[in-house]
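Position in the sequence shown (first residue = 1) + 8 = my numbering.
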Amino acid sequence: MANPLRHLTGDAAYLAAVLGTISGPIVLVGHAYGGAVMSNAAAGNEQVKALVFCNGWMPDEGESIQQLFESGGPFAGSLVPAAIRPVPFTNPDGSEGVDLWLDRELFPEAFAADVDPEMAKVMAATQRPWSGAGYAGPSGPPGWRSIPSWYLVGTEDRAIPPGGAALHGRARERADRGGGGVARVHGVAAGDRDAADPERGGGDQPQPAISAVDPSGFGLAGGERQAPAAVHPRR
C-alpha cells in the first residue's frame, strides 16, 4: 500500500484503518520507514500474525527515527542524513511543515545502491518526500514486542547500515515472545524474494493477506496479496 509519509502517528492510523477492512489473518511486510509504520499500526491487532522487516526501522516506544540516526554507533554509517534536502511548506491550517527529499545526485548511492543506474535516476526524479514530522515523530507501543517478527538484514544497505539493522534484529530476538528470527542477505533491503520462505504455511489454516508498506513507492509497494500462513526467512 502507498504510505502517506506525513507523520508516524497519522500514517500508522491510516494503515490500521486499512487493516480493519481485511478479514482473516494478516502478515505485514515493511521496508525502511514502513517498518515503523506497520509496527505501530499492528499493535493490539489480533489479526496480525507476523511482522517482516526488510531493513525496516523498528523504534521502541518513545523513540524517533531521527533519534536513532543521530545516536551514532551502528547507525553512524548511513548515507541518508547527508543526502536529506529539507523544503519548508505551509499546511492548510497555516502551520509550518517541512518535506525531506533525498538529493537527486546522492539518491542512487544512499537509497538504491544495487539498482541499475538509469532506473535509480528515475527513482530519484519521482521520489515522494518524507515529512519532517515522520522523521522526528516518536513511536507509540511497537507491535514487534507482542507479535512474532522476522528481520531481513541487507549487508550492503546504505540507508540503515548492517550494524544498525542487526541491532534491530537482536532486539527482536530478545523480545519476550515465541517465533521470529534474523536473516542476512548480501545486497540492499529489497534482497532476494526467496528470503520469504512459505514452506511452513498452508494446511487447513486460513491464508493471510500480506500487505507491503514501502516508503518510496518502489520495491515492496505491492498492496495486498494472498500469502502462505507463515512467512519466515531462510537461515
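Ideal Cβ placement from N, Cα and C applies to all residues, glycine included.
Looking only at its chain, what residues have a beta carbon closer than 7 Å to the beta carbon of E117, apart from the 5 residues adjacent to it on each side? Only residues of its own chain outside the window of five on either side were considered, and among them L87 and R166 have a CB closer than 7 Å to the CB of E117, listed in chain order.
Would A159 and I73 be called neighbours here (beta carbons separated by less than 8 Å)? Reading the sequence as shown, one finds Tyr at residue 159 and not Ala. No. Outside cutoff.
Checking the sheet assignment: what are the DSSP bridge partners for W109? Paired residue(s): R93.
Thinking C-alpha only, which one of V130, M66 and P149 is nearest R112? Out of V130, M66 and P149, V130 has the C-alpha closest to the C-alpha of R112.
Rounded to whole angstroms, what's the CA-CA distance from P170 to G85? Just pull it up for me. Distance between the alpha carbons of P170 and G85: 9 Å.
When you compare only the Cα positions, how much space is there between A133 and P12? For A133 and P12, the distance between alpha carbons rounds to 18 Å.
Provide the residue span of the beta strand (DSSP E) that contains G64, from first to last. Unbroken beta strand (DSSP E) run through G64: V56 to G64.
Considering only the alpha carbon of each residue, which of G52, A25 and I34 lies closest to G151? Checking every option, the nearest Cα to that of G151 belongs to G52.
Please return the same chain residues whose Cβ sits closer than 7 Å to the Cβ of L175, not counting the five positions on each side in sequence. The answer, listed in chain order, is P82.
Does the beta-carbon of L16 have 16 or more other beta-carbons within 10 angstroms, so that it is buried, or is it exposed? The residue is buried, with at least 16 neighbouring Cβ atoms inside 10 Å.
Note down, in chain order, each residue of its chain lying with its Cβ closer than 6 Å to the Cβ of N63, except the 5 sequence neighbours on either side. Same-chain partners within the cutoff: G162, D165, I168, A173 and A197.
Buried or exposed: where does A10 fall if 16 or more other Cβ atoms within 10 Å of its Cβ makes it buried? By the neighbour-count rule (16 or more Cβ atoms within 10 Å), A10 is not buried but exposed.
Tell me whether G80 is buried or exposed, calling it buried when 16 or more other Cβ atoms sit within 10 Å of its Cβ. Counting the other CB atoms within 10 Å of its CB gives G80 a total below 16, which places it among the exposed residues.
What does the alpha-carbon distance come out to for the pair E71 and G140? Straight-line spacing of the CA atoms in E71 and G140 works out to 15 Å.
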